[in-house]
Structure formats: structure tokens, C-alpha cells
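Residue numbers (this note's numbering): 1 to 289. Positions of the beta carbon are idealized from the N, C-alpha and C atoms, including for glycine. Note that the structure is predicted; figures quoted are calculated from it, not measured. In what follows, a single structure is set out as C-alpha cells and then discussed.
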């Protein structure tokens, strides 16, 4: 087991005793790596959240983005896990992807199932409360988990990611209703808000649906019709021209489906509020429903 401590600049808002460690599982001949904070002490029945980096990223560079939520992990009885894509990429649902993880068809379901078992053994987590979130390519990986292993994932939150178009879809969906939150920016040139080709250096990823189509895919699957309820998110950063509209389908006994429409938002993290704290609030609502 390799141990890493975040550089002080990146970990300034992490808990003072945060100790990120790296471990791995051997999955079909590949050592698949994941990172977690071993200093967190949780009680039996804790929730588990996977937080996934974008295409070309890695867990140690990504973990500081969730510093605020990581600092609250013990209080929330929460285990945060930062998995690593294979050679920095995921085998998600985009058929056109030229990433080696896709070309070699890495078994992501086996990897995530293995991690669930690992943390069940280690911390006695509640397997009924396993969640997934991710940024960009990590958002696509969240979609894949919701599509292909919904019996093991309670809810997802996809950040700056749209579902692949039908011709670019490489996953066999189980079509099980699931709570989903999507956060996309209207000025995103990488993951186009209104759909189209994903533009990124070094890898081809094909085309994605429009945000409204991605949103309505899950709303329809979860049994909703008509218009969602609109509200405004707090404007925590007055220095930018970004505002966030919230659209929600929510009914007792049904999975919640929420879209955070980031007006003028680009392919980047919000500064108006912490997206991972908002994601955890969304996940907690699903446990209460």
C-alpha cells in the first residue's frame, strides 16, 4: 500500500489529519487503483461515495476539489473514495472513445463492485447507500454505473457531462429508475450544453445529447412528465456573471431528478457554491425518500 499526503497548498481546507492512501484491486489482470482518507473513523452503516476524476486526470489531483465534504466525512458517517481511471481514462459509455480503457474494454463494473466489497469488509458500510459522482469523464462514468449496475448504486451526480447520443452509446442500459442530478454549463465548449461533438485534446470521444435530453431521459425513466419545478441556487460568487437555475422533478416515493443549469458556466468547477456539498445534500434526500 502506498501512502500519499496532499501538498499543503492543495490540502489547506482538508481536515488537519487527512491521510490519503492509495490501494488497488487486481481486476482481470489489471491493478485498479483507488484513494481514500484512512484517518476518517466511521460507524457501521456508513454511506459510500465514489468521486471520479475527469478524462486524463488522477485521484490525487482531484481529491482537493472535495475538501469541504471530506472534512465533514466523520460527522456525516461517510466514506469518500477516489477511484483512478485506467491509464487516466474510464471505460464509460462512449463508443467512439479512443482511450485505452475503452479499446481494451476494462471491466469497470467488476472494479466498482470490488471496491464496494472492500469497503464493506473494512468499514461495514451500508451497501444500500452507495453513490457516485464525477466531473466530465467521471460524470460519464457515473452515468455508466447508473445504466449498467443500478442495483448497486443508489443515486448519481454527473458534473459537466451529457449522455452519449444513441449512435455513440456503448452500454446496455438496465433501465432502472434512479435519482440523478446533472450540473452543466451553457457556455461549456467541451461538453456542449446543447449536444454535439465533445472536443478534448488527445482522445476522441464522439457526440453527446443535449442537456435537456439527458435530463429528460432520467425524468421519463423515473416516471415524470410535464414541467419541472424551477428555482434559483444561491449566488455565492458576485465577481462572476454566472447564475444557476435549478430544475427539479420530485415526488414522494419516486427518485428525484434535478438539473443545475449553470448560465454562462464553462467546463470547470463552480465558484458560487461547493458542488460536492450540494451533491451530498442531493444524495441524503434520496435516503430520506
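Taking 8 Å as the cut-off, does the stretch 61-78 touch the stretch 153-170 (at least 3 CB pairs, one atom from each stretch)? Verdict: no, contact absent.
Which of the three DSSP states, helix, strand or coil, is assigned to residue 94? Within the chain shown, numbered from 1, the residue matching residue 94 stands at position 94. The answer is strand: DSSP assigns residue 94 an E or B state.
Residue 230 - DSSP class collapsed to helix/strand/coil: Stepping through the chain shown from its first residue, residue 230 is reached at position 230. Strand.
Using only alpha-carbon positions, find the residue among 32, 30, 40, 26 that is nearest to residue 18. For the purposes of this step, residue 18 is identified with residue 18 of the chain shown, where counting begins at 1. Out of 32, 30, 40, 26, 40 has the C-alpha closest to the C-alpha of residue 18.
If you scan the stretch 34-85 from start to end, which runs of the beta strand (DSSP E) of 3 or more residues do you find wholly inside it? Qualifying beta strand (DSSP E) stretches, in chain order: 47-52, 78-83.
In terms of residues, what are the limits of the beta strand (DSSP E) holding residue 26? Here residue 26 refers to the residue found at position 26 when the chain shown is read from its first residue. Run containing residue 26: 20-27, per the beta strand (DSSP E) assignment.
Report all residues from its chain with a CB closer than 7 Å to the CB of residue 150; omit the five preceding and five following residues, and keep chain order. Here residue 150 is taken as the residue at index 150 of the chain shown, counted from 1. Non-local beta-carbon contacts of residue 150 in its own chain, meaning distances under 7 Å to residues more than five positions away in sequence, involve 174, 176, 178 in chain order.
Beta carbon of residue 189 nearer than 9 Å to that of residue 267: Mapped onto the chain shown, residue 189 falls at position 189. Mapped onto the chain shown, residue 267 falls at position 267. Yes, these two residues count as a Cβ contact at 9 Å.
State the Cα-Cα distance for the pair residue 287 and residue 256, rounded to the nearest angstrom. Here residue 287 refers to the residue found at position 287 of the chain shown. Here residue 256 refers to the residue found at position 256 of the chain shown. One C-alpha to the other measures close to 11 Å.
Residues of its chain near residue 273, where Cβ-Cβ distance is below 7 Å and the 5 sequence neighbours each way are ignored: What you label residue 273 is simply residue 273 of the chain shown in a count that begins at 1. Around residue 273: 233, 234, 236.
When the distance is taken between beta carbons, is residue 103 closer than 9 Å to residue 164? To locate residue 164, count along the chain shown from 1; it is residue 164. To locate residue 103, count along the chain shown from 1; it is residue 103. It is not a contact, given that the beta carbons lie outside the stated cut-off.
Determine the DSSP secondary structure at residue 169, reduced to helix, strand or coil. To locate residue 169, count along the chain shown from 1; it is residue 169. Correct three-state label for residue 169: strand.
Sorted by chain position, which residues of the same chain lie with C-beta nearer than 6 Å to residue 306's C-beta, five sequence neighbours on each side aside? With the chain running from 1 to 289 in the structure shown, residue 306 is simply not present.
For residue 285, which residues in the same chain have their Cβ closer than 7 Å to its Cβ, ignoring the five residues on either side in sequence? Locating residue 285 in the chain shown gives position 285, where the first residue counts as 1. Result list for residue 285: 256, in chain order.
Compute the Euclidean distance between the alpha carbons of residue 202 and residue 252, then round it to the nearest angstrom. The residue you call residue 202 lines up with position 202 of the chain shown. The residue you call residue 252 lines up with position 252 of the chain shown. Rounded to whole angstroms, residue 202 to residue 252 spans 45 Å at the Cα level.
Leaving aside the five residues before and after residue 200 along the sequence, list all residues of the same chain whose C-beta is less than 7 Å from its C-beta, in chain order. In the chain shown, counting from the first residue as 1, residue 200 sits at position 200. The answer, listed in chain order, is 55, 190.
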